[in-house]
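Chemist: Note that our numbering has the sequence shown beginning at 1, numbered continuously upward. Every residue, glycine too, gets a C-beta built ideally from N, C-alpha and C.
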Amino acid sequence: MNKYFIRISLLLILLTGLIGVSGQAEAKRVYKKHVVVRHRRYRSYPAKGTVIVNVKSAHSFRYNKKAYYRSNGVFYARSGRGYKIIAAPIGFRLRTLPSKHVRILVHGTSYFYHYGTFYITQGNEYVVVLPPVGLQVDDLPDGYQIIKNNGVRFYVVDGVYYKKVYLRNGHTVFEVVKAA
Numbered sequence: 001m002n003k004y005f006i007r008i009s010l011l012l013i014l015l016t017g018l019i020g021v022s023g024q025a026e027a028k029r030v031y032k033k034h035v036v037v038r039h040r041r042y043r044s045y046p047a048k049g050t051v052i053v054n055v056k057s058a059h060s061f062r063y064n065k066k067a068y069y070r071s072n073g074v075f076y077a078r079s080g081r082g083y084k085i086i087a088a089p090i091g092f093r094l095r096t097l098p099s100k101h102v103r104i105l106v107h108g109t110s111y112f113y114h115y116g117t118f119y120i121t122q123g124n125e126y127v128v129v130l131p132p133v134g135l136q137v138d139d140l141p142d143g144y145q146i147i148k149n150n151g152v153r154f155y156v157v158d159g160v161y162y163k164k165v166y167l168r169n170g171h172t173v174f175e176v177v178k179a180a
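In structure tokens:
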């Protein structure tokens with residue numbers, strides 16, 4: 001009887017110790033919820049690749065012998081009976097940036113971002129450029145493509161590949177991983 005009582009006591013002590021360790025381990029775990037904050041500054045814009053019938057207040061221009069149209073920082077080309085939203089032509093120069101642009105500083109260079117298009121300053125003009133790898137933006141325009149490669153999801157806008165990155169503050173950004 002005494003041996004039985006000792007075994008039961010030891011078993012209870014052992015179980016109590018395991019439950020206590022498990023509880024302490026549980027208390028040390030940190031659960032983080034990723035909060036996705038989307039700044040929908042492009043909410044009123046049509047999706048990339050969309051064909052629309054009429055472009056309000058568009059400025060027409062020629063670049064590299066092609067006709068383009070630009071309105072509120074969105075670039076268009078004629079497509080059938082309408083205008084298709086396209087990537088801004090690399091190297092195109094303009095005097096003023098779109099009103100909803102965002103300034104991003106990367107390695108001492110100021111990039112300006114609007115609706116999937118990147119600009120830098122040259123003299124008193126802004127030039128459309130490809131973004132550097134590592135640059136992060138807070139929002140992508142609608143109409144992006146999602147491509148999976150080896151289980152990794154990439155977001156593609158105008159030939160530029162982004163990956164979603166979760167910051168420590170809980171915000172989500174899109175980081176350039178490859179520029180066309």
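Report the residue from GLY108, ARG78, PRO46, SER71 whose alpha carbon sits nearest the alpha carbon of LEU94.
Modeler: When only C-alpha atoms are compared, the closest one is SER71.
Chemist: Quick one: grab the DSSP three-state call for VAL173.
Modeler: Residue state, collapsed to three classes: strand.
Chemist: What span of residues does the beta strand (DSSP E) with GLY91 cover, start to end?
Modeler: Here GLY91 belongs to no beta strand (DSSP E), and DSSP marks it neither H nor E.
Chemist: Over the uninterrupted beta strand (DSSP E) stretch that includes SER110, give me the two end residues.
Modeler: That run of the beta strand (DSSP E) goes 109 to 114.
Chemist: So, for SER60: in the same chain, excluding its five sequence neighbours on each side, which residues have a beta-carbon less than 6 Å away from its beta-carbon?
Modeler: TYR69.
Chemist: Does DSSP put HIS59 in a helix, in a strand, or in coil?
Modeler: In this structure, HIS59 counts as strand in the three-state DSSP scheme.
Chemist: In terms of alpha-carbon separation, which member of PRO141, GLY108, TYR155, PRO132 lies closest to ILE45?
Modeler: Going by the sequence as given, residue 45 is Tyr instead of Ile. If we check each option's Cα against that of TYR45, PRO141 comes out closest.
Chemist: Taking VAL53 as the reference, give the member of VAL129, LYS65, TYR76, LYS178 with the closest Cα.
Modeler: Checked all of VAL129, LYS65, TYR76, LYS178; the closest Cα to VAL53 is TYR76.
Chemist: Less than 7 Å between C-beta atoms, sequence neighbours within five positions excluded: which residues of the same chain meet that for GLN145?
Modeler: Contacts found: VAL156.
Chemist: Which residue comes first and which comes last in the beta strand (DSSP E) that contains TYR42?
Modeler: Careful: TYR42 lies outside any beta strand (DSSP E) and carries neither H nor E.
Chemist: Please report the straight-line C-alpha distance between LYS56 and TYR83, rounded to a whole angstrom.
Modeler: Taking the straight line from one Cα to the other gives about 11 Å.
Chemist: Assuming ALA87 contacts GLY143 (C-beta within less than 8 Å), just tell me the rounded distance between them.
Modeler: Rounded, the Cβ-Cβ distance is 11 Å, inconsistent with contact.
Chemist: How would you call LYS48, buried or exposed, if buried means at least 16 neighbouring beta carbons within 10 angstroms?
Modeler: The residue is buried, with at least 16 neighbouring Cβ atoms inside 10 Å.
Chemist: For ASN149, name the three-state secondary structure that DSSP assigns.
Modeler: In this structure, ASN149 counts as strand in the three-state DSSP scheme.
Chemist: Would TYR115 pass as a contact of GLY73 if the rule is Cβ separation under 9 Å?
Modeler: Yes, they are a contact pair.
Chemist: Would you list the residues sitting across from THR50 in a DSSP beta bridge?
Modeler: According to DSSP, which records beta bridges pairwise, THR50 is partnered with nothing at all.
Chemist: By the three-class DSSP mapping on this structure, what secondary structure does LYS178 have?
Modeler: If DSSP states are grouped into helix, strand and coil, LYS178 belongs with the strands.
Chemist: Apart from the five residues on each side of it in sequence, which residues of its chain come closer than 8 Å, Cβ to Cβ, to PHE174?
Modeler: Hits under 8 Å: GLN136, VAL137, ASP138, ASP139, LEU140, TYR155, TYR162, LYS163, LYS164, VAL165.
Chemist: Based on DSSP bridge pairs, tell me the residues matched to LEU105.
Modeler: In the DSSP output, where bridge partners are listed per residue, LEU105 has SER110.
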